[in-house]
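The opening residue of the sequence shown carries number 3 in this note's numbering; numbering runs sequentially from there.
Just so you know, even glycine gets a beta-carbon here, dropped at the ideal spot from N, CA and C.
What you are looking at is a predicted structure, and each value in this text was computed from that prediction instead of being measured.
Step one of this worksheet: look at the structure below.
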Amino acid sequence: MKIGEWEGIGRSRALVAHQLGELHADEYAAHVTISDNGRQRILVAADLGLFEFNWGPNTSDPDSIWYLRGGVTRWPSVKGLRLQTDAQFDPVGEKVQSIWRLVAEEPKLELASTTEEDPKALPALLDFARACIEHVA
Numbered sequence: 003m004k005i006g007e008w009e010g011i012g013r014s015r016a017l018v019a020h021q022l023g024e025l026h027a028d029e030y031a032a033h034v035t036i037s038d039n040g041r042q043r044i045l046v047a048a049d050l051g052l053f054e055f056n057w058g059p060n061t062s063d064p065d066s067i068w069y070l071r072g073g074v075t076r077w078p079s080v081k082g083l084r085l086q087t088d089a090q091f092d093p094v095g096e097k098v099q100s101i102w103r104l105v106a107e108e109p110k111l112e113l114a115s116t117t118e119e120d121p122k123a124l125p126a127l128l129d130f131a132r133a134c135i136e137h138v139a
């Protein structure tokens with residue numbers, strides 16, 4: 003899933019796309035997490051490396067200016083990237099439940115999704131994980 007396909011993230015979507023466009027970066031996949039206070043952590047796997055953006059208001063004032071801050075970690079500098087999974091099968095209900103985790107040591111990354119969440123959450127995580135795994139050195 004690319005940044006333009008993420009729903010419910012407001013204006014950050016257009017701003018991140020603009021920033022990537024200014025750099026002529028070729029986006030492979032993106033992942034967005036939203037904290038309880040509405041701040042967003044936006045990760046983008048691209049040809050240049052792993053972009054990490056933070057989007058949120060400057061103050062708690064509702065009319066505050068919102069800022070996008072970010073940087074890129076080149077693929078050879080991404081360390082300890084791994085994808086982990088756990089699954090269980092219920093023979094009575096014939097139901098499989100699984101959890102997937104994408105973790106990295108540098109930059110610090112801990113993403114997780116389960117089959118019990120929003121139907122788009124797990125495919126989005128796995129698309130992002132696949133893009134990262136394919137390009138990390």
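Beta-carbon spacing of residue i, residue j below 9 Å
i: I44; j: I67; result: no
i: A106; j: R71; result: no
i: K122; j: E29; result: no
i: I101; j: S115; result: yes
i: L50; j: C134; result: no
i: Q99; j: T87; result: no
i: G73; j: E54; result: yes
DSSP beta-bridge partners of residue i
i: S100; result: A89
i: Q42; result: I36 and W57
i: T75; result: L52
Which of helix, strand or coil DSSP assigns to residue i
i: W8; result: coil
i: V18; result: helix
i: L25; result: helix
i: E136; result: helix
i: L83; result: coil
Close beta carbons around residue i, own chain, < 6 Å, minus the five adjacent residues each side
i: I36; result: Q42
Other residues of its chain near residue i: CB distance less than 8 Å, five sequence neighbours each side excluded
i: G6; result: R15 and A19
i: F130; result: M3, A31, A32, H33, L45, A47, L104 and L113
Cutoff 9 Å: residue i Cβ touching any chain D Cβ
i: A123; result: Reference to chain D is not applicable here, since this structure consists of a single protein chain.
Contact set for residue i: own chain, Cβ-Cβ below 7 Å, skip 5 residues either direction
i: L111; result: L104 and V105
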